[in-house]
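Q: For the sequence shown, the numbering used here assigns the number 245 to the last residue and increments by one with no breaks. This is the structure, below, for whatever I ask next.
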Amino acid sequence: MQLRPIQSTDDQQIKTIIQQALADYQLNLPGTAYFDPQLDRLAEYYAQLPNSQYWVLVDATGKVAGGAGVGVFNAAKGIAELQKLYIAPEFRGRGLAHQLMQQTLGFAQQHYQQLYLETFAVLQAANQLYHRYDFRQLTAPLAGSEHSACDTWYVREFTD
86 MQLRPIQSTD DQQIKTIIQQ ALADYQLNLP GTAYFDPQLD RLAEYYAQLP
136 NSQYWVLVDA TGKVAGGAGV GVFNAAKGIA ELQKLYIAPE FRGRGLAHQL
186 MQQTLGFAQQ HYQQLYLETF AVLQAANQLY HRYDFRQLTA PLAGSEHSAC
236 DTWYVREFTD
């Protein structure tokens, strides 16, 4: 499995993975990543953002297994956001989310003081992953949140 920055040829595959995962949990709602306008062009979107990156895991045949990104959330406060961490159903249970988590944490720690994320309580495996990587659960979203439908929020602080 190759871990690399997203390319424009990956956009449609990762969009399908993201939207299908949300639909599987009846989370294909306004205020979720399902309707993010940048889903059609994630490679271009992340290429234009400072200190931001999106990675995909690709198998030997070129099939995208999943992806995750880091984007600026509040530059003035040194806060990034863990964005769109999704694994295709047929690739789950293989430790791929851990690979993506390690990549995103390493990148975020180089550029930011905190990493914020928004998710849903119903996504139990995802929540377990965030706890395992020392994310602290918040009682409310940070100011500036764009995904109003999310009901669970975390932050991880980086120390020198």
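For every residue, glycine included, the Cβ atom is placed at its ideal position computed from N, Cα and C.
#1: Where do the ends of the alpha helix (DSSP H) carrying residue 91 lie?
#2: Whose C-alpha, out of 210, 88 and 212, is nearest the C-alpha of residue 144?
#3: Any idea what DSSP makes of residue 129, helix, strand or coil?
#4: Less than 8 Å between the CB atoms is what I'm expecting for residue 107 and residue 166, so what's the real figure, rounded?
#5: Taking the alpha helix (DSSP H) that residue 191 belongs to, which residues open and close that run?
#6: Rank 229, 102, 237 and 112 by C-alpha distance to the C-alpha of residue 221 and give the top, closest one.
#7: For the segment 97-112 against the segment 168-176, are there 3 or more C-beta pairs whose distance is under 8 Å?
#8: Since residue 159 and residue 229 are thought to touch, with beta carbons under 8 Å apart, how far apart are those beta carbons, to the nearest angstrom?
#9: Going by the CB atoms, is the gap between residue 142 and residue 59 shorter than 8 Å?
#10: Quick check on residue 217: buried or exposed, where buried means 16 or more other Cβ atoms within 10 Å of its Cβ?
#11: Give me the residue from 219, 240, 215 and 207 with the minimum Cα distance to residue 234.
#12: At 3 residues or longer, what runs of the beta strand (DSSP E) sit wholly inside the segment 205-238?
#13: Can you find the residues in the same chain that come closer than 6 Å, C-beta to C-beta, to residue 129, ignoring five residues on each side of it along the sequence?
#14: Tell me whether residue 168 sits in a helix, a strand or coil according to DSSP, three-state version.
A: Looking at the atomic coordinates:
#1: Sequence index remark: in the sequence shown, residue 91 carries index 6 (1-based). Counting along the chain, residue 91 falls outside any alpha helix (DSSP H), and DSSP gives it neither H nor E.
#2: In the sequence shown, the residue the question calls residue 144 occupies position 59. Comparing alpha-carbon positions, the option among 210, 88 and 212 lying closest to residue 144 turns out to be 88.
#3: Position 44 of the sequence shown, counted from the first residue, corresponds to residue 129. In the structure shown, residue 129 sits in a helix (DSSP, three-state: H, G or I).
#4: Working through the sequence shown from its first residue, we reach residue 107 at position 22. Working through the sequence shown from its first residue, we reach residue 166 at position 81. Not really, about 17 Å apart at Cβ, beyond 8 Å.
#5: Indexing the sequence shown from 1 puts residue 191 at position 106. Counting along the chain, the alpha helix (DSSP H) containing residue 191 begins and ends at 181-196.
#6: As a working note, residue 221 is residue 136 in the sequence shown. Looking at the Cα atoms, 237 is the closest of the given residues.
#7: A contact is defined here as three or more CB-CB pairs under 8 Å, and the segment 97-112 meets this definition with respect to the segment 168-176.
#8: Residue numbering aside, residue 159 sits at position 74 when the sequence shown is read from its first letter. Residue numbering aside, residue 229 sits at position 144 when the sequence shown is read from its first letter. Rounded, the Cβ-Cβ distance is 6 Å, consistent with contact.
#9: A question about residue 59 goes unanswered here, because the residues of the chain that appear run from 86 up to 245.
#10: Taking the first residue of the sequence shown as 1, we reach residue 217 at position 132. The residue is exposed, with fewer than 16 neighbouring Cβ atoms inside 10 Å.
#11: For the purposes of this step, residue 234 is taken as the residue at position 149 of the sequence shown. Out of 219, 240, 215 and 207, 207 has the C-alpha closest to the C-alpha of residue 234.
#12: The segment 205-238 contains these whole beta strand (DSSP E) runs: 221-223.
#13: Start at 1 with the first residue of the sequence shown, and residue 129 comes out as number 44. Nothing listed; no residue qualifies.
#14: For this step, residue 168 is matched to residue 83 along the sequence shown. Residue 168: strand per DSSP, three-state reduction.
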